[in-house]
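Numbering (mature numbering (1 follows the signal peptide of the UniProt record, and there is no 0)) for the sequence shown: -18 to -1, 1 to 259. Cβ coordinates follow ideal geometry from the N, Cα and C atoms, glycine included. Here the structure is a predicted model, which means the values were calculated and not measured.
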Amino acid sequence: MSWHRAGVLLLGAQSCLPVPGVPAVGGVGSVLLSMARMGWKLCHVFRPYTVVLSKIPIVSEFGDVFPEELPGVPPNREIEFRIDLSLGTTPLYKRLYHMAANELAEVKKQLEELKEKGHIRPSTSPWGALVIFVEKKDKTKRMCVDYRALNEVTIKNKYPLPRIDDLFDQLKGATVFSKIDLRSGYHQLRIREEDIQKTAFTTRYGLYEFTVMSFGLTNAPAIFMNLMNKVFMEYVDKFVVVFIDDILVYSQSEEDHQQHLRLVLGKLWEHQLYAKL
């Protein structure tokens, strides 16, 4: 989470350096950077500075919102993740493939972490997808599941994602911004019980299934966007931009921003949604 005070916000289509001689903007937020990457070529002129939010009193009031790890299985919410399949679909199962010793060690480690949090459980499902690895920015590898076959037979959720230009229009006149990243946002939403077996994946150490929404499932962005809109609807178009699991709080003054930030953090606390500093 980061707080930025600016006179102008500098954004370019591919980078934060579209104007010669103007310093780069360091991380105004993935929501805004996504806007830039998705076609916003006209730049505004801002010089933001970043404040360490852990030192801001408002943030310390909501310490429970910023755990180092997710506390476990999320609560029952108004929305559950569903996997509705095309008629005639039969279970899809992929056989194991060879993994190097270091990959097996990483699988074993991450399985234990996910089991400890209650995010996966042993399965007897007839379904079984393959485990793959995705390299993160810090060069470590995150274990993921290849759900492409499942996605092909899943009925697509048509819940609309917001237009980038509409999001950008909301920020006119704002000079103070806070970006809040949810901690493993997808893992904060349960999967409907009858759909859990469809998420099963095969490993050398057994067959497992997710109890929480997993990365790689085709409808995850749409369903999570629906959840976030329901949570923040009274603040959207006023001082909040939501884009899937990113929240941007924007204000015209620092005084207003403190009030807005307190309302947003209070809403996260109320709904047991967790963020990272």
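Please return the same chain residues whose Cβ sits closer than 7 angstroms to the Cβ of residue 64, not counting the five positions on each side in sequence.
174 and 177
In angstroms, rounded to a whole number, what distance separates the CA positions of residue 212 and residue 203?
14 angstroms
Grab me the residues of residue 224's own chain with a C-beta within less than 7 angstroms of its C-beta, minus the 5 sequence neighbours each way, in chain order.
For residue 224, where only same-chain residues beyond five positions count, the Cβ hits under 7 angstroms are 210, 211, 214 and 218.
Residue 128, enclosing beta strand (DSSP E) - first and last residue:
123 to 128
So residue 233 is in the alpha helix (DSSP H); what residue range does that whole segment cover?
Looking at the DSSP string, residue 233 is not in any alpha helix (DSSP H); the run it does join, the beta strand (DSSP E), is 228 to 233.
So is residue 5 buried or exposed if we call it buried at 16+ other beta carbons inside 10 Å?
Any answer about residue 5 is weak, because its pLDDT of 31 lies below 50 and its placement is not dependable; what the coordinates show is given next. By the neighbour-count criterion, in which a residue is buried when 16 or more other Cβ atoms sit within 10 angstroms of its Cβ, residue 5 is exposed.
Validate contact between the stretch 90 to 108 and the stretch 127 to 139 using beta carbons, cut 8 angstroms, 3 pairs:
Short answer: they don't touch.
C-beta contact flag for residue 103 and residue 190 at 8 angstroms:
yes
Contact check, residue 171 vs residue 57 under 8 angstroms by CB: the rounded distance?
Contact doesn't hold; Cβ gap of about 10 angstroms is too wide.
Write down the C-beta distance between residue 185 and residue 93 rounded to the nearest angstrom, noting that I regard them as a contact closer than 8 angstroms.
Confirmed, Cβ separation roughly 7 angstroms.
Would you kindly work out how many angstroms separate the C-alpha atoms of residue 111 and residue 205, rounded to a whole number?
22 angstroms
Three-way DSSP call (helix, strand, coil) for residue 262 in this model
Nothing about residue 262 can be reported from this structure: the residues present for the chain run from -18 to 259 only.
Since residue 161 is in the beta strand (DSSP E), which residue starts that stretch and which ends it?
From DSSP, the beta strand (DSSP E) with residue 161 extends over 158 to 164.
Mapping DSSP to helix, strand and coil, what is residue 178?
helix
Once DSSP output is grouped into helix, strand and coil, what is the label at residue 189?
strand
According to the neighbour-count rule (16 or more other Cβ atoms, all chains shown, within 10 Å of its Cβ), is residue 84 buried or exposed?
exposed
According to DSSP, residues forming a beta bridge with residue 63
173
Taking C-alpha atoms, which residue in 39, 179, 187 and 165 lies nearest to residue 50?
165
Among 113, 47, 109 and 72, whose alpha-carbon lies nearest the alpha-carbon of residue 79?
113
Determine which residues share a DSSP beta bridge with residue 183 and list them.
111 and 190
When the Cα atoms are used, what is the spatial distance from residue -11 to residue 248?
The predicted model places residue -11 with a pLDDT of 30, which falls under 50 and marks its position as unreliable, so this point remains unresolved.
Residues sharing a beta bridge with residue 214, DSSP
Answer is none; residue 214 lacks a bridge partner.
Using CA atoms only, rank isn't needed, just tell me which of 118, 220, 157 and 167 is closest to residue 148.
220
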